[in-house]
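Colleague: Residue numbers (my numbering), protein chains in the order written: chain A, 7 to 414; chain B, 7 to 414. Below you will find the structure I want to go over with you.
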């Protein structure tokens with residue numbers, strides 16, 4: 007029996023005049039599935055704990071985020087295809103533009119995204135080849151747009167350091183500072199890297215060309231979200247299951263790679279409103295033939311939440327519902343389906359909140375409840391009551407006959 | 007956004023012929039609030055764990071009682087206005103009357119409350135001034151009626167000792183015993199204190215006067231509820247919120263002082279049936295102007311529970327409901343209200359039980375459920391399902407936009 011996990015990012019909401027985007031959306035397929043299954047609400051991490059998408063997904067997949075989440079850097083580095091090892095420190099990176107004289111730390115950031123540069127493989131390669139730092143290795147990994155990820159590998163590295171990204175344009179590049187004594191060596195190394203990579207970028211022919219074309223030079227790496235990688239057991243080792251991730255978002259792909267899942271790439275999976283939902287569903291169903299657990303991630307409802315766009319969110323949820331139609335016709339004696347939101351992103355709060363999310367499970371044998379509508383106002387009366395994200399995998403393993411008995 | 011927490015002590019009950027005092031009470035205001043909010047049941051500490059009011063309140067305020075509760079002594083000492091420090095050992099104290107010859111430990115307790123003595127500041131002052139114990143400091147703090155609190159401060163004190171209060175009149179004053187070897191030094195000190203304070207009291211002019219008037223002498227301190235104080239982080243440090251406590255009960259005021267809240271005193275807040283409920287509600291609403299979180303504590307329903315008085319409890323709950331009327335008209339986009347009981351005090355059990363308590367939360371954005379009556383038989387069907395006391399603060403912080411995101 008296979009497992010299909012459909013995670014609709016930020017789909018859940020709070021009350022707006024007695025309704026929510028999900029409640030007011032026409033969702034015949036989700037409602038039909040709710041009717042066929044068991045429903046409830048879920049605290050992805052814990053009651054009152056506001057999840058990020060990264061910590062929420064770790065928890066849903068059975069990885070306690072308080073143990074395995076060490077900041078965004080290591081996950082972005084995995085997402086950028088770097089094989090991160092325990093003890094590495096990793097950063098999210100922007101290619102940016104600085105202007106001024108002297109050291110990189112005397113210069114001001116004039117564009118945090120270097121004119122949203124797209125093609126920068128050459129620059130990444132040049133830094134990886136030309137920058138040398140005594141006593142430490144580094145890997146710069148390319149990512150989409152102006153983004154990259156950076157990993158340092160060596161003895162005694164610490165993530166107790168500040169960002170170099172000043173966040174505000176017009177400010178100077180931040181000199182990385184140690185937050186405690188044990189991190190002084192690391193701060194020195196990272197600052198040396200920022201200076202040396204700036205020299206390589208400043209003198210690179212691609213930037214001379216950009217200057218001629220009137221484009222901002224991509225002449226600085228801005229570092230943030232540092233985290234020290236810990237050992238994360240692979241999903242197949244932990245559960246004996248081969249897992250696939252269908253996602254457009256780097257962060258979720260990063261989570262997938264972090265736990266050793268196969269990330270199915272397609273440029274039409276954009277992680278945004280213009281994604282090819284139909285193709286994602288089709289790919290998910292096809293992946294069920296080759297994998298034991300397929301995670302289908304749909305990002306856009308969260309974006310509408312962040313934008314405060316009630317109608318946009320409702321309409322996109324209706325699109326999601328409509329594209330989920332093939333899933334209604336699955337053979338639930340062969341597939342165990344769960345549909346849920348990773349966290350609540352209210353259009354009123356425009357950010358994640360800790361309100362519990364709706365969750366349903368459909369599979370043969372599950373105790374069907376009398377919930378007939380999949381929304382925040384109905385599912386809490388369902389047969390699952392209120393569960394925790396960290397328990398979901400165990401529940402799914404049990405329903406699919408994959409769990410071990412504890413005792414006799 | 008402010009938080010108003012209305013805690014009705016021991017309001018919840020068990021089934022008596024299909025009803026409870028709360029269910030049978032006419033409570034239009036509580037019912038209206040339930041309708042406007044989200045409802046559920048709550049295990050203040052944990053399912054099946056019978057809470058005291060002290061441990062329940064700690065838990066509700068986000069302080070794990072298994073970590074921060076070390077006996078009644080330290081809380082009563084805070085309530086008596088003593089600044090308790092980690093490592094101190096503290097006791098609840100009764101002024102009592104002993105009769106007999108020789109050492110205090112040879113004498114019998116003839117009145118555990120010294121004729122319910124009221125004015126005893128002079129005696130407290132005399133003991134603080136005249137009793138000296140080598141190698142240790144002590145503070146005796148006055149409290150209401152025959153009550154006081156006592157703190158010892160010094161190296162290596164232990165709370166692994168027995169009470170001196172024999173509980174039964176006619177018994178001898180108990181010699182404090184060490185429960186393990188590490189407490190032998192402490193037991194010796196405490197016994198020395200009991201003897202010396204007895205001498206001071208016995209010879210005090212106030213007791214000579216009481217004897218002349220035919221009143222029992224207040225000539226002994228009876229110690230119980232010992233606990234060793236631990237470091238308790240202040241509420242405003244922990245949550246960044248300025249907190250006020252409106253309560254008549256010393257124990258709840260003690261909890262407030264323990265966590266650094268402002269305790270709003272008024273002699274009309276009696277912590278009993280004759281309290282001025284209207285003034286308490288008015289004071290709570292006024293305190294919302296100066297504080298971020300206001301805890302309004304109402305004690306009497308618990309007393310009716312302990313007395314086994316079903317009708318008295320029902321009638322008092324109706325009075326509470328009627329006095330809560332101004333709260334119904336609050337602007338819930340500015341105030342997040344929670345109403346709950348700290349524990350169940352069934353009129354049948356005449357003591358606290360572990361049955362979960364009703365809880366409601368009213369504020370803008372909360373997912374309103376279809377609970378229309380606030381009682382033990384309705385709220386469990388509400389949108390909160392079943393939560394834990396220790397999670398309540400996080401839920402309130404999230405609903406009022408005060409919590410931090412964990413992850414990205």
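Glycine residues also receive a C-beta, built at the ideal position from the N, C-alpha and C atoms.
Taking only beta carbons into account, state which residues of the region 355 to 373 of chain B come closer than 9 Å to chain A, listed in chain order.
Modeller: 370, 371, 372 and 373
Colleague: Quick one, which residues of the region 31 to 61 of chain A are near chain B if we go by CB-CB under 9 Å, in chain order?
Modeller: Per Cβ criterion, the list reads 46, 47, 49, 51, 52, 53, 54, 55, 56, 57, 58, 59, 60 and 61.
Colleague: Hey, residue 312(A) and residue 59(A): beta-carbon distance below 8 Å or not?
Modeller: no
Colleague: Can you find a C-beta in chain B that's less than 8 Å from the C-beta of residue 392(A)?
Modeller: yes
Colleague: Bridge partners of residue 391(B), per DSSP?
Modeller: 46(B)
Colleague: Using a threshold of 8 Å, state whether the C-beta atoms of residue 377(B) and residue 45(B) are closer than that.
Modeller: yes
Colleague: What first and last residue would you give for the alpha helix (DSSP H) that runs through residue 301(B)?
Modeller: Membership of residue 301(B) in any alpha helix (DSSP H) is not indicated; the residue belongs instead to the beta strand (DSSP E) covering 299 to 304.
Colleague: What are the start and end residues of the alpha helix (DSSP H) that includes residue 84(B)?
Modeller: Taken as a continuous stretch (DSSP letters only), the alpha helix (DSSP H) holding residue 84(B) covers 78 to 85.
Colleague: Do residue 410(B) and residue 56(A) have their beta-carbon atoms positioned less than 8 Å apart in this structure?
Modeller: yes
Colleague: Can you tell me whether DSSP reads residue 155(A) as helix, strand or coil?
Modeller: strand
Colleague: Report the start-end ranges of each beta strand (DSSP E) in the region 91 to 128 of chain A that is 3 residues or longer and not cut off at the edges.
Modeller: 95 to 105 and 114 to 117
Colleague: Per DSSP, what kind of secondary structure is residue 311(A) in: helix, strand or coil?
Modeller: helix
Colleague: Less than 8 Å between CB atoms is the rule here; does residue 78(A) satisfy it with respect to chain B?
Modeller: yes
Colleague: My assumption, with CB atoms under 8 Å, is that residue 115(A) sits in contact with residue 172(A). Please give the rounded CB distance.
Modeller: 6 Å
Colleague: DSSP on residue 385(A), reduced to helix/strand/coil?
Modeller: helix
Colleague: Thinking C-beta only, is residue 346(B) closer than 8 Å to residue 368(B)?
Modeller: no
Colleague: Give the residues of chain A in contact with residue 409(B), contact being defined as C-beta atoms less than 9 Å apart.
Modeller: 54, 55, 56, 359 and 360
Colleague: Does residue 69(A) get closer than 8 Å to chain B when you measure Cβ to Cβ?
Modeller: So no, residue 69(A) is outside the interface.
Colleague: Which residues, taken in chain order from the region 132 to 143 of chain B, show a beta carbon closer than 8 Å to some beta carbon of chain A?
Modeller: none
Colleague: Are residue 117(A) and residue 103(A) close, meaning C-beta to C-beta below 8 Å?
Modeller: yes
Colleague: What does the alpha-carbon distance come out to for the pair residue 339(B) and residue 29(B)?
Modeller: Take the alpha-carbon of residue 339(B) and the one of residue 29(B): they are about 29 Å apart.
Colleague: CB-CB under 6 Å to residue 279(A), same chain, minus the five flanking residues each way: which ones, in chain order?
Modeller: Annotation for residue 279(A): 306 place their beta carbon closer than 6 Å to its own, counting only its chain and skipping 5 residues before and after.
Colleague: What separation, rounded to the nearest whole angstrom, lies between the Cα atoms of residue 262(B) and residue 316(A)?
Modeller: 42 Å
Colleague: Just to confirm my understanding: we take residue 190(B), look at its own chain, exclude 5 residues before and 5 after, and list those with CB closer than 8 Å. What are they?
Modeller: Cβ neighbours of residue 190(B) beyond the five flanking positions: 184.
Colleague: Using a cut-off of 7 Å between C-beta atoms, extract the partners of residue 337(B) located in chain A.
Modeller: None at all; the shortest Cβ gap to chain A is about 16 Å.
Colleague: Please report whether the beta-carbon of residue 382(A) lies at a distance below 8 Å from any beta-carbon of chain B.
Modeller: yes
Colleague: Which stretch, first to last residue, makes up the beta strand (DSSP E) that contains residue 192(A)?
Modeller: It is not in any beta strand (DSSP E) - residue 192(A) instead sits in the alpha helix (DSSP H) that spans 190 to 208.
Colleague: Cβ atoms of residue 96(A) and residue 71(A): under 8 Å apart, would you say?
Modeller: no
Colleague: Are the C-beta of residue 75(A) and some C-beta of chain B separated by less than 8 Å?
Modeller: yes
Colleague: I need the DSSP call for residue 268(B), collapsed to helix, strand or coil.
Modeller: strand
Colleague: Taking residue 401(B) as the query, report the chain A residues whose CB atoms sit under 8 Å from its CB, ordered along the chain.
Modeller: Contact note: residue 401(B) reaches chain A through 53, 54 and 360, using a C-beta cutoff of 8 Å and chain order.
Colleague: Just verifying my parser: in three-state terms, what is the DSSP assignment at residue 148(B)?
Modeller: strand
Colleague: Mind checking if residue 156(A) is an interface residue toward chain B, Cβ cutoff 8 Å exclusive?
Modeller: no
Colleague: Is residue 387(B) close to chain A, meaning its C-beta is less than 8 Å from at least one C-beta of that chain?
Modeller: Answer yes: the Cβ-Cβ gap between residue 387(B) and chain A drops below 8 Å somewhere.
Colleague: Candidates 121(B), 404(B) and 351(B): which alpha carbon is nearest residue 19(B)'s?
Modeller: 351(B)
Colleague: Measuring from the CB of residue 224(B), is there a heavy atom of the ligand NAD at a distance below 7 Å?
Modeller: By its list of ligands, the structure shown contains no ligand whatsoever, and the ligand NAD lies outside what it can speak to.
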